[in-house]
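J.:
2 protein chains.
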Amino acid sequence: MAGTDLKKLARELNLAVSTVSRALRDSHEISAATKARVKALADKYGFRPNPHASSLRQAKSRTIAVVVPEIRNNFFSQAINGIELVAQEKGYHVLIYLTHENSKQEREVVQLLQNGRADGLLISVTEAESYPHLEACREAELPIVFFDRVVDEIDAPRVITDEKLLAYQTCRRLLESGCERIAFLTMAGNLSISRHRQDGYLQALKEKGKEHLSIIVECSAADDHSREQLKKILSGPQRPDAVFAAVEKLAVDTYEVCAEMELNIPEDLCVAGFSNLTVASLFNPPLTTVVQPAYEIGKEAAGILFRLIEGKKLLPGEQKRVLPSHLEWRRSTAR
Amino acid sequence: MAGTDLKKLARELNLAVSTVSRALRDSHEISAATKARVKALADKYGFRPNPHASSLRQAKSRTIAVVVPEIRNNFFSQAINGIELVAQEKGYHVLIYLTHENSKQEREVVQLLQNGRADGLLISVTEAESYPHLEACREAELPIVFFDRVVDEIDAPRVITDEKLLAYQTCRRLLESGCERIAFLTMAGNLSISRHRQDGYLQALKEKGKEHLSIIVECSAADDHSREQLKKILSGPQRPDAVFAAVEKLAVDTYEVCAEMELNIPEDLCVAGFSNLTVASLFNPPLTTVVQPAYEIGKEAAGILFRLIEGKKLLPGEQKRVLPSHLEWRRSTAR
DNA sequence: TTTTTTTGCGAAAACGTTTGCGAGCCGATG
DNA sequence: CATCGGCTCGCAAACGTTTTCGCAAAAAAA
Numbered sequence: 002m003a004g005t006d007l008k009k010l011a012r013e014l015n016l017a018v019s020t021v022s023r024a025l026r027d028s029h030e031i032s033a034a035t036k037a038r039v040k041a042l043a044d045k046y047g048f049r050p051n052p053h054a055s056s057l058r059q060a061k062s063r064t065i066a067v068v069v070p071e072i073r074n075n076f077f078s079q080a081i082n083g084i085e086l087v088a089q090e091k092g093y094h095v096l097i098y099l100t101h102e103n104s105k106q107e108r109e110v111v112q113l114l115q116n117g118r119a120d121g122l123l124i125s126v127t128e129a130e131s132y133p134h135l136e137a138c139r140e141a142e143l144p145i146v147f148f149d150r151v152v153d154e155i156d157a158p159r160v161i162t163d164e165k166l167l168a169y170q171t172c173r174r175l176l177e178s179g180c181e182r183i184a185f186l187t188m189a190g191n192l193s194i195s196r197h198r199q200d201g202y203l204q205a206l207k208e209k210g211k212e213h214l215s216i217i218v219e220c221s222a223a224d225d226h227s228r229e230q231l232k233k234i235l236s237g238p239q240r241p242d243a244v245f246a247a248v249e250k251l252a253v254d255t256y257e258v259c260a261e262m263e264l265n266i267p268e269d270l271c272v273a274g275f276s277n278l279t280v281a282s283l284f285n286p287p288l289t290t291v292v293q294p295a296y297e298i299g300k301e302a303a304g305i306l307f308r309l310i311e312g313k314k315l316l317p318g319e320q321k322r323v324l325p326s327h328l329e330w331r332r333s334t335a336r
Numbered sequence: 002m003a004g005t006d007l008k009k010l011a012r013e014l015n016l017a018v019s020t021v022s023r024a025l026r027d028s029h030e031i032s033a034a035t036k037a038r039v040k041a042l043a044d045k046y047g048f049r050p051n052p053h054a055s056s057l058r059q060a061k062s063r064t065i066a067v068v069v070p071e072i073r074n075n076f077f078s079q080a081i082n083g084i085e086l087v088a089q090e091k092g093y094h095v096l097i098y099l100t101h102e103n104s105k106q107e108r109e110v111v112q113l114l115q116n117g118r119a120d121g122l123l124i125s126v127t128e129a130e131s132y133p134h135l136e137a138c139r140e141a142e143l144p145i146v147f148f149d150r151v152v153d154e155i156d157a158p159r160v161i162t163d164e165k166l167l168a169y170q171t172c173r174r175l176l177e178s179g180c181e182r183i184a185f186l187t188m189a190g191n192l193s194i195s196r197h198r199q200d201g202y203l204q205a206l207k208e209k210g211k212e213h214l215s216i217i218v219e220c221s222a223a224d225d226h227s228r229e230q231l232k233k234i235l236s237g238p239q240r241p242d243a244v245f246a247a248v249e250k251l252a253v254d255t256y257e258v259c260a261e262m263e264l265n266i267p268e269d270l271c272v273a274g275f276s277n278l279t280v281a282s283l284f285n286p287p288l289t290t291v292v293q294p295a296y297e298i299g300k301e302a303a304g305i306l307f308r309l310i311e312g313k314k315l316l317p318g319e320q321k322r323v324l325p326s327h328l329e330w331r332r333s334t335a336r
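In the order they appear, the protein sequences are chains A and B.
Sequential numbering from 2 applies to the first sequence in the working numbering.
Sequential numbering from 2 applies to the second sequence in the working numbering.
(1) Less than 8 Å between CB atoms is the rule here; does A/P294 satisfy it with respect to chain B?
(2) Nearest to B/L96 by alpha carbon, out of B/L283, B/S333, B/Q106 and B/I81?
(3) Using a C-beta to C-beta distance shorter than 9 Å, which residues of chain A count as neighbours of B/L96?
(4) For A/H327, does the count of other Cβ atoms within 10 angstroms reach 16, so buried, or fall short, so exposed?
(5) Output the boundary residues of the alpha helix (DSSP H) element that contains B/Y296.
(6) Which residues in the same chain have their Cβ closer than 8 Å to the Cβ of B/Q293, if we skip the five residues on either side of it in sequence?
(7) Look at the Cβ atom of B/G190, then the Cβ atom of B/L167, and state whether they are nearer than 8 Å.
(8) Is it right to say A/G237 is buried, meaning 16 or more other beta carbons lie within 10 angstroms of its own, or is it exposed?
(9) Below 8 Å on the Cβ atoms is my guess for A/Y256 versus A/V272; work out the distance and round it to an integer in Å.
(10) Under the DSSP definition of a beta bridge, which residues are partnered with B/K321?
(11) So, is the C-beta of B/A303 closer than 8 Å to a C-beta in chain A?
(12) My guess is that B/H339 and A/G117 are in contact by the Cβ rule of under 8 Å, so how many angstroms apart are they, rounded?
(13) Determine the direct distance from the alpha carbon of A/K233 to that of A/V258, and round the result to whole angstroms.
(14) Answer with buried or exposed for B/V21, where buried requires no fewer than 16 other C-beta atoms within 10 angstroms of its C-beta.
(15) Between B/H226 and chain A, is the shortest Cβ-Cβ distance under 8 Å, so that the two count as touching?
(16) When you check each C-beta in the stretch 245-272 of chain B against every C-beta of chain A, which residues fall closer than 9 Å?
(17) 8 Å is my cut-off, CB to CB: does A/E90 come that close to chain B?
(18) List the DSSP bridge partners of B/Y98.
(19) State the DSSP-derived secondary structure class of A/G83, mapped to helix, strand or coil.
(20) Exposed or buried, A/A17, counting other C-beta atoms within 10 Å across all chains shown (16 or more means buried)?
(21) Taking A/L175 as part of the alpha helix (DSSP H), name the residues at either end of that continuous run.
(22) Please confirm if B/F148 has its CB atom under 8 Å from at least one CB of chain A.
(23) Assign B/V21 to one of three DSSP states: helix, strand, or coil.
(24) Do you know whose CA, among A/H29, A/W330, A/L270 and A/S32, lies nearest A/R182's CA?
(25) Determine contact between the stretch 85-104 of chain B and the stretch 50-70 of chain B, defined as no fewer than three beta-carbon pairs at a distance below 8 Å.
(26) Identify whether B/T289 lies in helix, strand or coil by the three-state DSSP scheme.
(27) Anyone know if the C-beta pair for B/P286 and B/I266 falls short of 8 Å?
(28) Let's test the definition: count the other Cβ atoms within 10 Å of the Cβ of B/R49 and tell me whether it reaches 16, buried, or not, exposed.
(29) Who are the neighbours of B/F284 on chain A, taking C-beta pairs under 9 Å?
(30) Hey, does A/G312 have any beta-carbon neighbour from chain B nearer than 8 Å?
(31) At least one CB of chain B closer than 8 Å to the CB of A/L113: is that the case?
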């Protein structure tokens with residue numbers, strides 16, 4: 002019922018408000034008999050303590066916030082799935098904020114969390130020159146855990162993947178199967194993930210002595226821009242014979258551009274990329290992907306955040322957790 | 002800063018707490034001069050009013066809750082995208098709850114919202130015999146708006162699509178292009194969307210006088226079960242020559258089962274289905290889909306919810322809003 | 001001038017919980 | 001018998017806002 006509060010219960014039971022409160026929270030200083038009486042009535046009315054009053058009094062919200070660039074992205078939606086699972090187990094609530102790759106929005110949103118709205122923050126950052134809002138969280142003693150897109154300068158636990166390794170392995174295999182000119186497609190790029198993946202790409206080239214053949218294509222977040230970029234590259238004089246996409250969207254864009262330009266994958270162009278598309282194997286041709294354990298990342302990050310919130314010591318490996326991705330080699334890279 | 006509250010500001014400015022509060026909220030009874038003084042200091046400290054105190058006092062949380070069966074589903078993640086956009090514009094926060102198609106969880110989660118944690122609820126329900134928790138919301142005067150999966154018995158605004166029409170059109174076109182035995186794949190079924198889509202399917206069959214050839218396959222939510230079901234149907238004596246999937250997952254399952262059974266789409270089996278996969282055109286073969294305007298549904302539903310929250314009158318069409326889907330006819334249904 | 005209105009601000013009560021402390025009561029212990 | 005300690009429970013103070021009311025002083029009207 003809407004209008005039930007402790008006062009009403011207390012009146013009806015001839016008890017003090019404090020007694021009712023304690024009874025409901027199973028305090029040891031309340032007799033079993035009254036506990037039963039209280040709980041019975043509370044049940045009857047379907048009483049739920051007002052969360053704002055509780056949060057105000059206890060200075061904790063039983064709520065965590067998740068900030069991600071976007072949600073129409075399998076990686077993030079899977080991660081959120083993991084996060085929500087853990088949160089629900091813990092009896093916590095989950096606030097979601099989307100920044101749409103806009104660092105100003107990210108700043109504003111994070112500011113809103115400072116004053117107790119959330120007990121902790123899980124964030125996959127968007128690109129920016131600096132992150133004062135995250136520093137502010139540290140000062141406000143709001144626990145943060147990064148996942149996937151981290152910022153190195155800020156001292157907070159992070160859950161990431163061995164992306165550099167997998168970028169390296171993927172590119173090496175491309176080279177070994179005969180690709181000569183691999184283009185690396187990346188989002189505008191000072192992001193941790195872009196850097197790491199690019200490092201892996203370059204390492205593979207270097208190892209094969211083909212560093213001078215590197216082609217790095219920076220695509221902006223704008224929808225059409227990346228396709229225009231791609232078209233230019235693919236119709237240029239020295240067309241690459243493979244592309245390695247740092248993010249899912251760019252792999253998909255490549256397929257679309259190839260269709261438009263009537264290029265055949267993999268004959269004319271091998272395509273591989275980081276992606277959590279569960280349907281990559283249904284593509285024409287099936288798309289070679291590096292898939293990250295998004296769900297596990299979410300669970301892991303949430304788990305660490307809760308340990309922080311509960312003031313527990315972090316386990317040795319938890320300050321920087323690296324989860325293994327894996328490579329699904331499919332026909333889009335068959336030479 | 003963490004420890005800034007009205008009291009601190011008031012002390013430092015030689016003002017009363019109430020004056021500071023009013024100044025920050027641009028009350029007309031505060032002079033421009035003091036407003037400026039107050040705001041300057043508040044800015045300096047980066048003061049944010051404690052949301053729990055505000056919510057407690059004002060009996061509103063500036064938060065809405067979104068309850069969906071799952072998030073690893075393009076329809077829902079796109080819808081959430083739209084919802085979040087509107088909410089952020091309005092300065093509202095968004096709580097997310099996943100029910101994983103579990104009606105008990107849905108009930109529990111919705112109970113938690115009763116006591117002011119959220120000012121409104123956007124829900125796409127999971128199947129259940131009854132929905133007492135939603136009735137309770139109405140009694141608690143918590144505004145609800147349904148989207149996509151609605152429950153007819155409950156009197157609340159709903160945003161849906163013309164799914165029956167599109168199911169009908171799709172099946173008709175399948176029949177007209179020569180399919181004889183169309184199987185309708187659906188999730189366990191008393192859900193509004195299942196019923197409506199099935200109605201469209203049956204209507205098409207009836208119109209062509211083939212109602213007796215209907216094949217309705219109820220697949221459970223369990224992952225493997227639906228594939229087993231499919232295999233049985235497709236290896237039976239009277240194999241269907243087309244399937245129409247009521248939900249995305251079943252269309253994908255069909256592709257996988259066909260691959261396993263070495264059935265060719267569309268030669269051996271036409272496939273179509275409701276789906277918001279943006280990459281359906283990249284499938285092998287490109288998948289014919291009925292795509293719903295998920296993003297717009299989210300925006301629309303959120304808009305209506307806010308009108309409810311703000312106590313405004315609903316516009317005539319808003320009690321039941323039907324948005325148009327559209328059919329993307331592709332090679333998976335080419336005969 | 002006096003009266004009324006307006007302007008700007010302060011004191012204090014609320015919102016619904018949780019919690020420190022103290023009070024009464026009981027049985028047990030000295 | 002006096003004291004003590006353990007059980008239950010009530011009183012009241014918090015938590016940080018918002019808001020009602022009231023009160024002066026200044027401005028306007030008389």
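Yeah, the Cβ is synthetic: ideal placement off N, Cα and C, and Gly gets one too.
These numbers were taken from a predicted model, which means no experiment stands behind them.
T.: Answer, in terms of the structure:
(1) no
(2) B/I81
(3) T64, H94, V95, L96 and I97
(4) exposed
(5) A295 to I310
(6) F76, D149, T162, E164, F275, N277, L324 and S326
(7) no
(8) exposed
(9) 7 Å
(10) B/R159
(11) no
(12) This structure cannot speak to residue 339 of chain B, because chain B is shown only from 2 to 336.
(13) 10 Å
(14) buried
(15) no
(16) V253, Y256, E257 and A260
(17) no
(18) B/V68
(19) helix
(20) exposed
(21) E164 to E177
(22) no
(23) helix
(24) A/L270
(25) yes
(26) strand
(27) yes
(28) buried
(29) V280, L283, F284 and N285
(30) no
(31) yes
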